[in-house]
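Undergrad:
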Amino acid sequence: MSPAPRGGTRSATAGRDAKTGGRKKFFVRRRKVCRFCAEKIEYVDWKDIKLLQSFIPERGKILPRRISGTCALHQRKLQTAIKRARSIALIPYATD
Amino acid sequence: MRLYDIVALVTPDLADEDAQKVASEYRKILTDGGAEIVKDEPWGRRRLAFPILRKREAYYHYFQVSAEPAVVAETERRMKLSDQVLRHLAVRADVELKRAAKFAAKQREKAARRPPRPPAPMPPAAAPNEPPPMIEKGEPS
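Here's what the structure looks like:
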């Protein structure tokens, strides 16, 4: 069973290589920039719910750095700010 | 003296004026202890993000005070004991603010130092920039 599909994929890739040649289509990914660095927000205020909310998706979890592009320093500050805001019910811990 | 952010969530069962009275009790504790109130903001009735003690909203009151740690500890203790305060938060604000101010100052200094530089690297930067457009022209499909 396994040899057949493998052969199929191999030929498909070979065909694609031949067809596309030099015209490889790249996804031009926009470089993510830390929002706090860009806007020069040095103090991540836990009272600024609007700002914090933008880093909290539907589920109520903290948006990971890998997605938001926040730098390590600011992610750490954002984390404490979100946790503080959560403790006084400004922001949910979890929603579903 | 340290700068603190203090927030208290007062029960919604109390009328707003009564909630303000509760807040002023804490204000009195703070000032009696020698604290200096920097900001004193009633945020008012807010919906809670999740229920606390079956309550869906609360009366928020925010203080920013410059006080000795012992005074803040005492107010926190009283808030913890009080049935009228659903929840409270007391955190230091000066450490972070100072660091932020320092960073901002450094940035400003850097920005002030920068201007003399750009004129020199500009001409060489313009020259190497010319070929790339050719490559870019070929790429978009």
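Protein sequences appear in the order of chains V and G. Using our numbering, read the first sequence as starting at 1301 and increasing by one per residue. Using our numbering, read the second sequence as starting at 285 and increasing by one per residue. Even for Gly, the Cβ is constructed at its ideal location relative to N, Cα and C.
Comparing C-alpha positions only, which one of G:Arg-361, G:Leu-298, G:Arg-338 sits nearest to Tyr-310 of chain G?
TA: G:Arg-361
Undergrad: Excluding the 5 residues preceding and the 5 following Arg-371 of chain G in the sequence, name in chain order all residues of the same chain whose CB lies nearer than 7 Å to its CB.
TA: Counting only residues of its own chain and dropping the five nearest sequence neighbours on each side, Arg-371 of chain G has a CB closer than 7 Å to the CB of Leu-293, Ile-336.
Undergrad: Mind checking if Val-291 of chain G is an interface residue toward chain V, Cβ cutoff 9 Å exclusive?
TA: yes
Undergrad: From Ala-384 of chain G to Tyr-1343 of chain V, what distance separates their C-alpha atoms?
TA: 6 Å
Undergrad: Should Leu-1397 of chain V and Ile-1388 of chain V be called a contact, given that it needs their Cβ atoms to be closer than 9 Å?
TA: Only positions 1301 to 1396 of chain V appear in the structure, and residue 1397 of chain V is not among them; the question remains open.
Undergrad: Can you pull out the residues from the segment 1362-1391 of chain V whose beta carbon lies closer than 7 Å to at least one beta carbon of chain G?
TA: Those would be Arg-1384, Ser-1387, Ile-1388, Ala-1389, Leu-1390, Ile-1391, in chain order.
Undergrad: How big is the Cα-Cα spacing for Pro-326 of chain G and Tyr-346 of chain G?
TA: 6 Å
Undergrad: Pick helix, strand or coil for Ala-1314 of chain V, following the three-state DSSP scheme.
TA: Note that Ala-1314 of chain V has pLDDT 45, beneath the 50 cutoff, so the model's placement of it is unreliable and the number below is only indicative. Helix, per DSSP.
Undergrad: Label Tyr-343 of chain G either buried or exposed according to how many other C-beta atoms from any shown protein chain fall within 10 Å of its C-beta, with 16 as the threshold for buried.
TA: buried
Undergrad: Tell me Gln-348 of chain G's beta-bridge partners as DSSP assigns them.
TA: G:Asp-289, G:Lys-323
Undergrad: Could you compute how far the alpha carbon of Pro-296 of chain G sits from the alpha carbon of Arg-329 of chain G?
TA: Going by C-alpha positions, Pro-296 of chain G is about 8 Å away from Arg-329 of chain G.
Undergrad: Nearest-angstrom Cα distance between Gly-318 of chain G and Glu-352 of chain G?
TA: 8 Å
Undergrad: Given a threshold of 16 other Cβ atoms within 10 Å of its Cβ, counted over all protein chains shown, does Val-356 of chain G qualify as buried or as exposed?
TA: Val-356 of chain G comes out buried.
Undergrad: Under 9 Å between C-beta atoms, does Lys-1350 of chain V make it to chain G?
TA: It does not; no Cβ of chain G falls within 9 Å.
Undergrad: Beta-carbon separation of Arg-1335 of chain V and Gly-1360 of chain V under 9 Å?
TA: no
Undergrad: Please state whether DSSP places Leu-1363 of chain V in a helix, a strand or coil.
TA: In the three-state reduction of the DSSP assignment, Leu-1363 of chain V falls in the coil class.
Undergrad: Between which two residues does the alpha helix (DSSP H) holding Arg-383 of chain G run?
TA: 378-397
Undergrad: Mind checking which residues open and close the alpha helix (DSSP H) that includes Asp-316 of chain G?
TA: 300-316
Undergrad: Taking only beta-carbon atoms, is Met-1301 of chain V less than 9 Å away from chain G?
TA: At Met-1301 of chain V, the pLDDT of 41 sits below 50, so the modelled position is not reliable; the number obtained from the coordinates is stated separately. No, because no Cβ of chain G sits closer than 9 Å to the Cβ of Met-1301 of chain V.
Undergrad: Where does Ile-336 of chain G fall in DSSP's three states?
TA: strand
Undergrad: Name the chain G residues whose beta carbon is nearer than 7 Å to that of Glu-1358 of chain V?
TA: Those do not exist, as Glu-1358 of chain V stays about 14 Å from chain G at its closest Cβ, beyond 7 Å.
Undergrad: If we define contact as Cβ-Cβ less than 9 Å, is Ile-336 of chain G a contact residue for chain V?
TA: yes
Undergrad: Tell me the residue span of the alpha helix (DSSP H) that contains Glu-358 of chain G.
TA: 353-365
Undergrad: Quick check on Cys-1337 of chain V: does DSSP put it in helix, strand or coil?
TA: helix
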